[in-house]
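Numbering (the UniProt record's numbering), first residue to last: 1 to 171.
All C-beta atoms in this analysis are idealised placements derived from N, C-alpha and C, irrespective of residue type, glycine included.
Just so you know, these numbers come straight off a predicted model, no measurement behind them.
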C-alpha cells in the first residue's frame, strides 16, 4: 500500500496506536482538571508500564487566562513521554470577539524520529503563551481547542493527534 508522504505521521501514529490501543479513533478528552493527581499505570515484570496511559494523563494540560489578551497553556509530560513541538496548535471554536494571534512555541530538545525525521520535542513541563486578538470593548466567549501529539518512548507507542477543549468567557 502506498501512503502519501504527507500522511506518514498520522499513518505511523495510527499503526502504532492500533497495536497498543486496538483503535485509532479521534479522541476528545474533557477539559483538564487543575487538580490532577500524577497518573500511573500498571507495571509489568520488568518495571516498565504494561498499559499506555490515556493522552490526557500522559500529557496533562492546564490552560489559564493571565489577562484579557493572553492565555497560558502548560503541558507536563509524565516520565518516558514527550510531545512533538510541530504537532502543537491552538484554535478558537465558537469564538465571539476573539481569535488566536501568533503563537511562539519555545524551543524543544532535538530528536531524530524514524517517521518524521529531525524534530523538536518537549520532555518536561513547557509553558506556551497564546495571544488573543480581541475586538475593542467586546467580551470574548470561546472554546480554546488545543491539538497535540506525543509518544511513550518506553513502550514505543505514539498517540494519534489529540484535541483538548477549554472554555473561556473573558470580559
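{"Query": "Chain-order list of residues whose beta-carbon lies under 6 Å from that of residue 113 (same chain, five-residue window excluded)", "Result": "119"}
{"Query": "7 Å CB neighbourhood of residue 108 in its chain, flanking five on each side removed", "Result": "85, 120, 121 and 122"}
{"Query": "Environment of residue 58 [buried if 16+ CB atoms lie within 10 Å]", "Result": "buried"}
{"Query": "Neighbour-count burial assignment, residue 164, 16 or more Cβ in a 10 Å radius", "Result": "buried"}
{"Query": "Within 8 Å, strictly: CB atoms of residue 144 and residue 90", "Result": "yes"}
{"Query": "One or two residues paired with residue 110 in a DSSP bridge", "Result": "120"}
{"Query": "Residue 94 versus residue 141 - alpha carbon distance", "Result": "8 Å"}
{"Query": "Neighbour flag for residue 71 against chain B, beta carbons, 8 Å", "Result": "Annotation note: the requested chain B is absent from the structure, which comprises a single protein chain."}
{"Query": "With 16 other Cβ atoms within 10 Å as the buried cut-off, status of residue 55", "Result": "buried"}
{"Query": "Where the alpha helix (DSSP H) through residue 64 begins and ends", "Result": "Element bounds for residue 64: not the alpha helix (DSSP H) but the beta strand (DSSP E), 61-67."}
{"Query": "Closest by C-alpha distance to residue 111, when choosing among 82, 132 and 71", "Result": "82"}
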